[in-house]
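These notes are about the structure you will find just below.
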Amino acid sequence: MANQWQALTALGNEMAEVVEIGPYRIAERFDVALASIAMRRGQDKAFAAAAKKVKVPLPDPARHETGSPFSAFWVAPDMWFVEADFATHEDIVAALKPAFGDAASITEQTDAWVRFDVTGERMAPLVERLTNLDLAVQPEGFASRTIIEHLGVYLVKHGANSLTLYGPRSSAQGLLHALEVTAKSVA
Amino acid sequence: MIINHPILGPRDAQEFVYLGDANLINRPDGMTAGIEAFHDYLYNRDNPAGEHRELWYHEQGDRSWLVVTRNTVTHEILKVELARDVAKAQGRSK
Amino acid sequence: MSQSNRISGGQIDRSKTFRFTFDGMPYTGHPGDTLASALLANGVRLMGRSFKYHRPRGPISAGSEEPNALVQLRSGARQEPNTRATVAELFDGLQASSQNAWPSLKLDAMAINDKLNSFFTAGFYYKTFMWPAAFWEKLYEPIIRRAAGLGALTREEDPDEYDKGFAHCDLLVIGAGPAGLMAALTAGRAGARVILADEDFRMGGRLNAESLEVGGRAGAEWASAVVAELMSMPNVRMMARTTVVGAFDHGIYSVVERVSDHLAVPEAGKPRQTLWRIYSKRAILAGGATERPIAFENNDRPGIMLAGALRSYANRWGVAVGDRVAVFTNNDDGLRTARDLQSKGVDVAAVIDSRDGGDLLPGIRHLQGAQVIDSAGRLGLKSVTVRLANGKTETIACTALGVSGGWNPNVNITSHHRSRPEWREDISAFVPGAGGPANLTSVGAAGGALSTHGALATGQAQAIAALADLGFTATADTLPQAEDAPIAVSPLWYVHEGKGRAWIDQQNDVTVKDVKLAHQENFTSVEHLKRYTTLGMATDQGKTGNVLGIAVMAELTGQSIPATGTTIYRPPYTPVAMGTLAGRSRGKEFKPFRLTPSHKWASEQGAIFVEVGNWLRTQWVPKPGETTWRESVDREVLATRKSVGICDVTTLGKIDIQGTDAGAFLDRVYSNTFSTLAVGKCRYGLMLREDGMVFDDGTTARMGDNEYVMTTTTANAVTVFRHLEYCRQCLWPDMDVQIISTTEAWAQYSVAGPNARKLLQKIVDQDISDAAFPYMGAGNITIGGMRARLFRISFSGELAYEVAVPTRYGDALIRKLAAAGAEFDAVVYGTEALGVMRIEKGHVAGGELNGQSTALNMGLGKMVSKKKDSIGMVLSQREGMNSADGYRLVGVKPVDPNGSISAGSHFMEIGAPVELASDGGWLTSKVYSPHLGCDIALGYLKAGDQKIGRRMRAVNFLTKTDTEIEIVSPHFFDPEGERLRG
Amino acid sequence: MRYSGFRVIAEALTGHKGWKPVWRDPAPQPDYDYIVVGGGGHGLATAYYLAKEFKQARIAVLEKGYLGGGNVGRNTTIIRSNYLLDGNEPFYEFSLKLWEGLEQDFNYNAMVSQRGIINLIHTDAQRDAFTRRGNGMILNGADAELLNRDQVRAMYPFLNFDNARFPIKGALMQRRGGTVRHDAVAWGYARGADMRGVDLIQNCEVTGMRIENGRIRGVETTRGFIGAKKVGVAVAGSSSKVMAHAGMRLPIESHVLQAFVSEGLKPFIDGVMTFGAGHFYVSQSDKGGLVFGGDIDGYNSYAQRGNLPVIEDVAEGGMALMPAIGRARLLRAWGGIMDMSMDGSPIIDKTHVEGLYFNGGWCYGGFKATPASGWCFAHLMAKDTPHPTATAYRFDRFLKGLMIDEKGQGAQPNLH
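Residue numbers (the numbering used here), protein chains in the order written: chain A, 7 to 193; chain B, 188 to 281; chain C, 96 to 1077; chain D, 2 to 417.
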């Protein structure tokens, strides 16, 4: 029934925004549901079993793992962010809770974040002006929190020329602005 | 500064928030300890010129509280531990 | 005149000609020139004036150590004071002007100071200007301040952009002279990640300035070949025009890349400069050495420069500084200048060599055992007076003099961690000392290896050693042939002959006399010497003068130079533009904005926004015809109290707290109890710091057995979360508690007023009657099928709810609420009306939650349960925080309803004198209450709880208001709370 | 010897032959009535006032390095008395009044210059807080004014009024605030103390304390044992190190505060200014350098140097406030060790050891306090009772819950 409700993107539009600057493409993503899932104390077995059952990957620290229907990345000890297709999993907590029961604390995070997928050749000069992480030596599937222009951001490296950034939703415009001016300066 | 996070490896200290002497872990029990004990716990410091065990919070990271052993004269970092492990090792539980 | 002093050779592109101006005069130069080399090529030696005596000055160097040739570069908003002409890369259309001179560089009125120099000795101002007392600030100081400074800053905003970046490497090599090139080459070939940074726009260092050969070819050619090879390596990053300015902890270096300074204006979107934070595992300092002068009477005239610089201008830039030159040296390196200039056909008048014996230079008048004792030429050197070995004096006509007192290794960066350089007798110079930045080693001249061979050898060896630590095996390829002659320096710091001034620190006009005076007055510690005479405090940080000054002091005290000690260089190595350090964090981008879910809609309504931390919140929403903010706010308040109002409260911190110990955890962090709270209910919580002061407050709801939702104040959302993590990880590590912030995940609106329920019931799918959803109820509901949360809580004192939906639907929800509210004339209210209503209700907020107040101060003392342990419980019981006459929260009303009061006013008894003893406390927050029709305020009043009903004064000396007030209960409105339970 | 303009002229005409050493370099005596540990501003001022105002004799100052080598020689030279709390304001106002007569008092021109200090206001809440503060100042006999936006603009038109992230809405001004030539303060007190017979002993580090039956007998130093009836410690960042010799743990942490100066510039800023929406404060020295600073680095440190993030943070604040300084260059950065106390306010008190006194916890505000700190510490040491303006600066205020917490940050030194 949610379709009765007009959703707005973090940038305040009805459609996700795409910006292209030189070799870079910055695409807002609006179609991903997000939840935090944290293991309750002493529930290791039940937690792992439930995750297996509903196909929630539980990658190691600083890693992202793509799966279906769920992908996930590690955010803190015993805590992950789980990604799913928004169209099918808008109420992602309801989708996960039955499986995990008391083994996990699950919280909807979808709208706490703005997501930008950044792609393009020559990613290095852009990235090294945004974050202090040494992405060049990190493998694909690297995931970490970092700081971009004073904002706390989750960064996932999908490949040499492909990144995902999750930034605080309320500062979506500021984060996009930072990406744009930096892209211009190295394009 | 670079803090060698026990889980995540070397991270820039800019990602962390500093609290102070790691002795703050040893909070007295409020039901048994009195004002004197809490006063000494909260206010007095060794403040050494040399090795110092101190609490850093990885706010722009994985939200772990760390106990960092650092030389306050040279800033050399000698050891980094998860505060939760240190607290448990010092007998703290619930 | 057109480049009258340009001679053959040099690394300039003569096929292109650049036009530029200095003080409005047009000149020409070539690509590869600096402003200094181009001006010298045009026969211009006079480029600046000194700080104190306004002495005419020309460049003494060809590099970043330059103390004299400082100019204002560019014009308008891009004007850049104190720019060293010796490193300013020439570009077509460059404009430069002289500074610290009036009316003109040639005729500077302030040069009168030079005539009065005998009064302006070191520290003279400490001894005078004291009488009469008032005159210092009214007369003397303003004159001094007007005379102060070098270049001028325009008042305009810097129009250029600045970038910041982070670069990572195994090995950072600082300096691309022979040592640095060799180190980088060795590491590059070994496959390590290398960054080679050099401040010059042309890599090669001294090799570009010398006629020496390396590996059988011209040094500059060898350098170009190595640079080319390094450029071809993917693992090597070559950064020219890039200065490593600071060494910080754990291998982090601050580095400035001058991206666009060699252009008239940066390309669109491109930065002027980039600040790099380089993270290195190992670093090698190959920063070379700086030549030092010998002090003698009038050794500061334009045309007198360091011998190596004279050589650089000839070899690298094809410039003869003078048509007839002389050299004054105490070492063999100085002789090179004479040889090189002669071989380029320049008339070398003489070499004045302070040393005796040794070989005589062939074909040059080589005066051994001689010293220069004076010079002549007002705006430029005309001649020098020489004391010959035989005791006779001779005046030698020359327009340029090269002076060499030996070379000082550039130890600067090694002392950024306060390590002090060590003296090396064999080269009479300080070299890097122990305790420098970890994993940084110095090679080549910077490490005291002053020959070209020494540079190549140490560069290679240290690169191999550094890489070995990192597990790389680098091979020691055969070194190219290069000279390895000792410079055979025989120390001569200053010429003792002569009564006049001999300059040590040329920019600050510190002379040998000043050092003598400092000694005479017992300012003999090098730190006292520096601070008393200002030696080394000029824009060059004493790169050319410090060692000289120390040596003179050592001679005076009879101590050795190492015993006398040395001051340490501080970062940055060369001065850095503020814009570069700030990067993009300026103007509106100083800090990121945070926008609320209703922002778009509120903008459409013409809302006025206000900064609340980084948030922009609706402050009020003016309606057509309203001319003052008060009209709008009064309307919003009255309409809410009369019917219903809507307010975006998303900015309040929201924290999901789950786990089987969640309740017990909350009992520990809140001073009141939450484990007993029923599911589906919420409760006001008071949070203390461990010192017993109030930290934060908010309502926390129990959504399930093991699931709570905590709200915090907007201001403390982050610090409370940090505190909860601390409690959970450090204090009670075994508690089963998981927390995560949901502040931005939910759009939350307050719906308040008698018609709040009616409005909400129109859109909420469930029954929210008082029976079904009582006061302080909380739960998950749906609105038109959308998952939502409802909390029946009130900040305004009205029947009120807070309703939340996922943030993406926040815009839709506020539109639904506004539409559903139309029939009730619902208003949207902002932070001002929110403030009015919470003060009418006596709720504490910002002004009262000041971190200096206890629960008792706020009248909430009973909330601190002693039955359980909670943060701050014990220390809140300290006597000083529980005295009967301590501050208590009270309400304040003016006795005359038209009387005006203001927050920050202090309570005083009627008739009390203006003194500390009269201070009864202060008004924390004040608003106009349209409900009561007068100003009302909250305040902290000493023993306030015993003074209800008392008449006092609210005094604001700043606005000269003194209003009679009545102390009342802080609950101005509906004290029994019937309305919110309605 | 007395300094004056006439003297300068006379000396100029006779080749400056007559200037005498500003202080002697005496060898330490076997014992003294008073030993002041620490030859920085506060220690030298203490010795000076002990001799001059309290007519005491047999006084020595022990300095481990050179006189004035501590924070008095590495601060940003600001003086003011714009404090909020009653525990602080009378003391700092007393200090400001002493500054106002200092040069005539010790016959040395320390360039006390009251060009005014403004604290910028960016929100209504800030205005309320500054109004409370300003009124408190006036009740304590200090001066304070509230400026509106236009008044600030008239004073400093080049501030960021038109494109600011946080608009400038006004300022709290104290016209009597200003700057002083910091080194000259140390030298002036040293000279004045030396003239009154105080032994200033440099390169003499205290390595221990001799305490017998709860009473101080003297101090062990790198130059041997020196006896004393009374010992006062005023060593700022080294407080914990020195007091440990007496077996004390202090409510103090040592932190690094960085300070900065730009290249010399023609007159740009007349007075002192603090940014209310970022970590930045600035003034311009008589030599033309912009002298500025910001927040402490935030971690315990004795290194006397800081790190890059704070330098960037300060520059960001500067550029946000004054976009015209973009092309001004930062010349030098340095660091000092701050004795950060648990409530951000100082301690001037006796200790559990009879005859041992402590002066510290000045955080980054010690310079402006120098004269009053010296005076009040001398008062306490000479009379064994606190000076009326320093009665609140007791060790036991933390035990009793009488903290003097200007910023309301609680027991976390790096937030004060």
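Ideal Cβ placement from N, Cα and C applies to all residues, glycine included. Fair warning: this is a prediction, and the values are worked out from it, not measured in the lab.
Inter-residue CB distance, residue i and residue j (contact presumed, cutoff 8 Å)
i, j, result
"S156 of chain C", "T181 of chain C", "6 Å"
"A3 of chain A", "L64 of chain A", "Given that chain A is displayed from residue 7 to residue 193, the structure contains no residue 3 of chain A and the question cannot be resolved."
"A907 of chain C", "W86 of chain A", "With a Cβ gap of about 30 Å, A907 of chain C and W86 of chain A do not count as contacting."
"Y365 of chain D", "L251 of chain D", "At roughly 17 Å, the Cβ-Cβ gap does not stay under 8 Å, so Y365 of chain D and L251 of chain D are not in contact."
"I227 of chain D", "A61 of chain D", "7 Å"
"G1016 of chain C", "E785 of chain C", "At roughly 26 Å, the Cβ-Cβ gap does not stay under 8 Å, so G1016 of chain C and E785 of chain C are not in contact."
"G674 of chain C", "Y348 of chain C", "About 20 Å separates the two Cβ atoms, so there is no contact after all."
"R387 of chain C", "L165 of chain C", "Not really, about 19 Å apart at Cβ, beyond 8 Å."
"S995 of chain C", "V789 of chain C", "No, S995 of chain C and V789 of chain C are not in contact; Cβ-Cβ is about 30 Å, not under 8 Å."
Residue i to residue j span [Cα, whole Å]
i, j, result
"S864 of chain C", "R887 of chain C", "11 Å"
"D1069 of chain C", "A914 of chain C", "29 Å"
"A1 of chain D", "V351 of chain C", "Here chain D covers residues 2 to 417 and nothing more, so residue 1 of chain D does not appear."
"E313 of chain D", "A28 of chain D", "46 Å"
"E943 of chain C", "M953 of chain C", "8 Å"
"N875 of chain C", "L885 of chain C", "6 Å"
"S168 of chain A", "V204 of chain B", "30 Å"
"S176 of chain A", "E684 of chain C", "15 Å"
"A274 of chain C", "A552 of chain C", "8 Å"
"H623 of chain C", "N76 of chain D", "16 Å"
"M96 of chain C", "F186 of chain C", "Because M96 of chain C sits at a pLDDT of 49, beneath the cut-off of 50, its placement in the model cannot be relied upon, and the point is left open."
"A237 of chain D", "G402 of chain D", "24 Å"
"N141 of chain D", "H380 of chain D", "21 Å"
"V898 of chain C", "L291 of chain C", "59 Å"
Cβ shell of residue i (< 8 Å), same chain only, five flanking positions each side left out
i, result
"A304 of chain C", "A157, G403, R406, S407, N410, R411"
"E355 of chain D", "G215, R216, I217"
"E517 of chain C", "F525, V526, P527, G528, A529, P657"
Residue environment, residue i, which counts as buried when at least 16 other CB atoms sit within 10 Å
i, result
"E706 of chain C", "buried"
"V234 of chain D", "buried"
"I238 of chain C", "exposed"
"K201 of chain C", "exposed"
Contact set for residue i: own chain, Cβ-Cβ below 7 Å, skip 5 residues either direction
i, result
"S960 of chain C", "S766, N767, T768"
"A193 of chain A", "I27, G28, P29, Y30"
Beta-carbon proximity list for residue i, same chain, < 6 Å, skipping 5 on both sides
i, result
"G640 of chain C", "I599, D600"
"T116 of chain A", "A39, L40"
"W243 of chain B", "F203, Y205, L253, V255"
"D451 of chain C", "Q463, G464"
(message) So within the stretch 315-348 of chain D, which uninterrupted beta strand (DSSP E) runs reach at least 3 residues, ignoring any that extend past its ends?
(response) 330-342
(request) Can you check the stretch 506-533 of chain C for any beta strand (DSSP E) of at least 3 residues that lies completely inside it and give the ranges in chain order? (result) 517-519, 524-526
(request) Could you tell me which uninterrupted alpha helix (DSSP H) segments, each at least 4 residues in length, are contained entirely in the stretch 944-986 of chain C, listed from first to last along the chain? (result) Counting only runs of 4 or more, we get nothing.
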